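What follows is a single structure, written as structure tokens, with notes after it.
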Amino acid sequence: MRKISVVVFTFVFAVMAAPVLAQSKPEDNPQYKLLATRRTSTMQKEIDEVAGKGYRILVGSPTSSTEMAVFLSREGTVEQPYKYKLLATTRTGTMQKELNDAAADGYRLIPSTMIAKSGLLVVEVVMILERPPVVAKQYDYKLLATNLTSTLQKEVTEAQGAGYRIVGMVSRGEHMVVMEREADASKP
């Protein structure tokens, strides 16, 4: 009888403890996730995959002249994940257009992801934009770029007069300032 009691107790304990023991370890489900790569197309794919698991971007940075890294935090949901768009170009005019095209789709720049990344012969600027599951506000962007700080001061002051505010700056030989304003809801 005593053997049966010990066996039953052991069985009951094992059944009750199994869910606790089967829980994922912190390293299986970390709070923070680091992505690092040299290729922007690879970074976009990896961000999409991790965002689908409920992560949101916190910050980005170059880790060397050719590699970039992004830290994400588990803050979103799998049911309604945040979406991301990585923009990368060597041309200021192209970045301006792509910023505003993405903004028209509900994306907003994450200023802490503005990176100057060296390529073979040129330095490209990388920026990541985020779109929440429900878009409440939309934004317009103005990108100012110059080698002359006196010119930059004048351009920033003019843009400020039009309702823009500085949200980020990155340098790659020239200084690039990104300014943002809430989009006019009355525009089609």
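In my numbering, the protein residues as written are 31 to 218.
Glycine residues also receive a C-beta, built at the ideal position from the N, C-alpha and C atoms.
Computed from a predicted structure; not experimentally measured.
Inset, instruction - Given a cut-off of 7 Å, decide if V186 and M199 are closer than it, judged by their beta-carbon atoms. - result: no
Legend entry - For A166: DSSP bridge partner residues: Partner(s): none; A166 has no beta bridge.
Inset, instruction - Would you check if there are 3 or more beta carbon pairs closer than 8 Å linking the segment 103 to 119 to the segment 165 to 184? - result: no
Legend entry - Paired residues, beta bridge with K115 - DSSP: L159
Legend entry - Rounded Cβ spacing between H205 and A175 (contact assumed at less than 8 Å): 7 Å
Inset, instruction - Can you check DSSP and say which residues form a bridge with M209? - result: K172 and I196
Inset, instruction - Can you have a look at Y194 and say buried or exposed, based on whether 16 or more other CB atoms are within 10 angstroms of its CB? - result: buried
Inset, instruction - Can you grab the Cα-Cα spacing for the pair E154 / V108, in whole Å? - result: 32 Å
Legend entry - Per-residue burial, P56 [other beta carbons within 10 Å of its own, 16 or more giving buried]: Only weak support exists for where P56 lies, its pLDDT of 49 falling under 50; the coordinates are left without a value.
Inset, instruction - Using three-state DSSP, classify P218 as helix, strand or coil. - result: At P218 the pLDDT is 46, less than 50, meaning the model places this residue with poor confidence and gives no usable figure here.
Legend entry - Classification of R121 by the beta-carbon crowding that lies within 10 angstroms, buried from 16 upward: exposed
Legend entry - DSSP three-state assignment for L150, whether helix, strand or coil: coil
Legend entry - Cross-strand partners of P92 (DSSP beta bridge): M98
Inset, instruction - Throw me the rounded Cβ distance for the G82 and P111 pair, which I believe falls under 8 Å. - result: 5 Å
Inset, instruction - State buried or exposed for Y62, treating a residue as buried only when at least 16 other CB atoms are found within 10 Å of its CB. - result: exposed
Inset, instruction - State yes or no: is the C-beta of L16 within less than 7 Å of the C-beta of Y171? - result: Outside the shown range of the chain (31 to 218) lies residue 16, about which nothing can therefore be said.
Inset, instruction - Indicate the three-state DSSP secondary structure (helix, strand or coil) for I77 in the structure shown. - result: helix
Inset, instruction - Using a threshold of 7 Å, state whether the C-beta atoms of P162 and V197 are closer than that. - result: no
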